[in-house]
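Student:
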Amino acid sequence: MGRPKKAAQSPLVMENEHVKELLSIMEANNVPSMKDLLAVLHHVGAMERQLDAAVNELQAMRRELAEAQAQNHPIKTALQNTIKALEKNIAVMRERLDELKANIIDGCKNAVAAFKEKGIAALDNIARFFKVKPVLESLRDNLDKSIKLDERAIAKIGAVSAEYHKAGRHLKNMGRAFIGKEAIAEAKAPGRLAAAIAAPYRAECACLTAARRHIKAAIGAVERLENRERKPPIMETINKLNEQIAQAKKDAPAVERPRPVVHDGR
4 MGRPKKAAQS
14 PLVMENEHVK
24 ELLSIMEANN
34 VPSMKDLLAV
44 LHHVGAMERQ
54 LDAAVNELQA
64 MRRELAEAQA
74 QNHPIKTALQ
84 NTIKALEKNI
94 AVMRERLDEL
104 KANIIDGCKN
114 AVAAFKEKGI
124 AALDNIARFF
134 KVKPVLESLR
144 DNLDKSIKLD
154 ERAIAKIGAV
164 SAEYHKAGRH
174 LKNMGRAFIG
184 KEAIAEAKAP
194 GRLAAAIAAP
204 YRAECACLTA
214 ARRHIKAAIG
224 AVERLENRER
234 KPPIMETINK
244 LNEQIAQAKK
254 DAPAVERPRP
264 VVHDGR
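So for the sequence shown, the working numbering puts the first residue at 4; every next one is plus one.
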C-alpha cells in the first residue's frame, strides 16, 4: 500500500485578507467587540490545528502499518480499516470547519463593506455579520459523539483483552494443577496487541477532546459578542436620558409663583 495523498488544506482563518482588514479597522477605531471576535478566531484556528494533528497521527500509523511485515495478518487488516474509518470521520469535521471559516470570512467581508459605506457606526452591532453559532454547536455535537465512540471502543478493547488473559490464566492453572504447581492468582494486564489496536482510537480521542475545548470556548466568545452588541452604545444611552429629562420638564405642571403681600399702611 502506498502513502495516502495528503488532503489540500485551506489557509488558517487568521491569514485571510478580509479577516485581517476588519481587524485592522477595529483596532484603529478602538472597537470594544474586537476582543471577543479575536477570541472566536483564535479558538477556531486552534481547533483546526487539532484536527490537523489527528490526521497527521493517523497517517503516521497508516505508514507504519504499510511498512510492517505479515501483509495479510488479520490484525493488520483490522487496524488499517479502523484508521481509514477514523480518517473519514475527521474529513467530515474538516468540511464543517471549512463551512465555518467561509461564514467567518463572509462576515468580515460584509462588515468591511458596511464600514466603507456608513463609517464606524456600522460596526456598533458587528455580531449581526456573523452567523456562526449554529455551525459551532453542530461541530461541538459531532465532536461529543466521536469522542464517546472512541472511549467506548477503547473500553471494549480493554475488556476483551482482559477476558482473553483471564481465559489464558485458567488454562495455565489447569496445566499447573496437573503437575502440582500453585495456581497463578492474577491475570496479566492488557498487552501490546491490545495497546496497538486501541492506539488509533486513543490518538483521535486526544485530539478531538482538545478540539472540543476550543469549540466550547469559541461558542462562549460568540455569546459574549452577541451580548455586548445588545447593549446600546454609551452616547446613545446618554442622548436618550437627556431626551427623557427634557420631556419630563415639558410635561411638568407650571408652578404658581406666590403673590406679594400688599400692606394698606395701617
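No residue lacks a Cβ here, since even glycine has one placed at the ideal position from N, Cα and C. For clarity, every value in this text was computed on a predicted model and none was experimentally measured.
Which residue wins for smallest C-alpha separation from Ala221, given the options Leu68, Ser141, Thr85 and Arg65?
Tutor: Ala221 has its Cα closest to that of Ser141, out of Leu68, Ser141, Thr85 and Arg65.
Student: What separation, rounded to the nearest whole angstrom, lies between the Cα atoms of Leu211 and Ser149?
Tutor: Each residue's alpha carbon lies about 8 angstroms from the other.
Student: With contact counted as at least three CB pairs below 8 angstroms, one residue from each stretch, are the segment 17-32 and the segment 199-214 in contact?
Tutor: Result no; under three Cβ-Cβ pairs closer than 8 angstroms.
Student: Within the same chain, show all residues whose beta-carbon is closer than 8 angstroms to that of Arg231, passing over the 5 residues directly before and after it, in chain order.
Tutor: Result list for Arg231: Pro35, Ser36, Asp39 and Ala130, in chain order.
Student: Under the three-state reduction of DSSP, which class applies to Val34: helix, strand or coil?
Tutor: Three-state DSSP puts Val34 in coil, outside helix and strand.
Student: Looking only at its chain, what residues have a beta carbon closer than 8 angstroms to the beta carbon of Met95, apart from the 5 residues adjacent to it on each side?
Tutor: In the sequence on display, residue 95 carries Val and not Met. Only Asn145 meet the Cβ criterion.
Student: Under DSSP, the alpha helix (DSSP H) around Met96 begins and ends at which residues?
Tutor: Element bounds for Met96: Pro77 to Lys121.
Student: Apart from the five residues on each side of it in sequence, which residues of its chain come closer than 7 angstroms, Cβ to Cβ, to Ile160?
Tutor: Same-chain partners within the cutoff: Ala197, Ile200 and Ala201.
Student: Counting only the same chain and skipping the five closest in sequence on each side, list residues whose C-beta sits under 7 angstroms from that of Tyr167.
Tutor: Residue placement at Tyr167 is flagged as unreliable, the pLDDT there being 49, under the threshold of 50; the coordinate-derived value follows with that caveat. For Tyr167, where only same-chain residues beyond five positions count, there are no Cβ hits under 7 angstroms.
Student: Give the secondary structure of Leu15 by DSSP, where H, G and I count as helix, E and B as strand, and everything else as coil.
Tutor: In the structure shown, Leu15 sits in coil (DSSP, three-state: anything other than H, G, I, E or B).
Student: Assign Arg195 to buried or exposed, taking buried as 16 or more other Cβ atoms, counted over all protein chains shown, within 10 Å of its Cβ.
Tutor: The residue is exposed, with fewer than 16 neighbouring Cβ atoms inside 10 Å.
Student: For Asp147, is the classification buried or exposed, using 16 other Cβ atoms within 10 angstroms of its Cβ as the cut-off for buried?
Tutor: Exposed.
Student: Can you tell me the Cβ-Cβ gap for Leu103 and Val138, rounded? I've got them flagged as a contact below 8 angstroms.
Tutor: Going by Cβ atoms, the distance from Leu103 to Val138 rounds to 5 angstroms, so yes, they are a contact pair.
Student: So, with DSSP's three-state summary, where would you put Phe133?
Tutor: The answer is coil: DSSP assigns Phe133 none of H, G, I, E or B.
Student: Assign Asp127 to one of three DSSP states: helix, strand, or coil.
Tutor: DSSP places Asp127 in coil when its eight states are reduced to three.
Student: Hey, out of Lys121, Val16, Asn106 and Arg215, whose CA is closest to Lys151's CA?
Tutor: Of Lys121, Val16, Asn106 and Arg215, the residue nearest in Cα terms is Arg215.
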